[in-house]
Amino acid sequence: MELGLTAAARGGLARRAAPIVGGCALAASAAFVATHDPGAAGSRYPACVFHQMSGLWCPGCGLTRGTYELLNGHIGAALGYNIFTPVALVAIVVAWMAWLRVSWGRQGLRMPQRAGRWLVIAVPVLIIVYGVLRNVPVASLRALAP
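FYI, the numbering for the sequence shown is -5 to 140, going by the working numbering.
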């Protein structure tokens, strides 16, 4: 039985539906994280492989616990687990919005060219510096560890 859609129409439908399905998956994931504390005893979240193997905190350690706290309105606790928690969540939402716009035939999100160049250098440097500083055994820097 033919649905009456051409191959191009089916491709366009899939292109438009993909970010909606992805957004639903993101929303479901956020709802799960908001209702299931990753810091609770017996939680089923996977542990950080880098931390398990090296004993060091990677720049991403604490993001899931921070997301849980942020989704439950505890901003200070979220920042305590990982200072980049709000930044990571905003980046995910912005990337999803850009994908949605482009898939529906609209212009993608743009940033000034200068800002783009600056971010390409600054973000990796900040992440690396943060990853190093949160492992320095100095009392004042211990607050960076989750």
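For every residue, glycine included, the Cβ atom is placed at its ideal position computed from N, Cα and C.
In three-state DSSP terms, what is Met105?
Residue state, collapsed to three classes: coil.
How long is the line joining the alpha carbons of Ser23 and Glu63, rounded to whole angstroms? Answer to the nearest angstrom: the Cα atoms are 14 Å apart.
TODO: Over the uninterrupted alpha helix (DSSP H) stretch that includes Gly74, give me the two end residues.
DONE: Gly74 -> alpha helix (DSSP H) spans Ile69 to Tyr75.
TODO: With distances taken Cα to Cα, identify the nearest neighbour of His45 among Ser134, Arg108 and Gly125.
DONE: Ranking the options by Cα distance to His45, first place goes to Gly125.
Inset, instruction - Look at the alpha carbon of Ala85 and the alpha carbon of Val117, and state the distance between them as a whole number of angstroms. - result: If you draw a straight line from the Cα of Ala85 to the Cα of Val117, it is about 12 Å long.
Fill in: CB contact flag (Ala139, Cys18, <9 Å)
No; because the gap between Cβ atoms is not below 9 Å, this pair is not in contact.
Q: Compute the Euclidean distance between the alpha carbons of Val119 and Leu113, then round it to the nearest angstrom.
A: Answer to the nearest angstrom: the Cα atoms are 10 Å apart.
Handout entry: Boundaries of the alpha helix (DSSP H) in which Ser37 is found, first to last residue
Key = For Ser37, no alpha helix (DSSP H) run applies, since DSSP gives it neither H nor E.
So the alpha helix (DSSP H) Arg100 belongs to, where does it begin and stop?
In this chain, Arg100 is not harboured by any alpha helix (DSSP H), its DSSP state being neither H nor E.
Label Pro149 either buried or exposed according to how many other C-beta atoms from any shown protein chain fall within 10 Å of its C-beta, with 16 as the threshold for buried.
-> Given a span of -5 to 140 for the chain in the structure shown, any question on residue 149 remains unanswerable.
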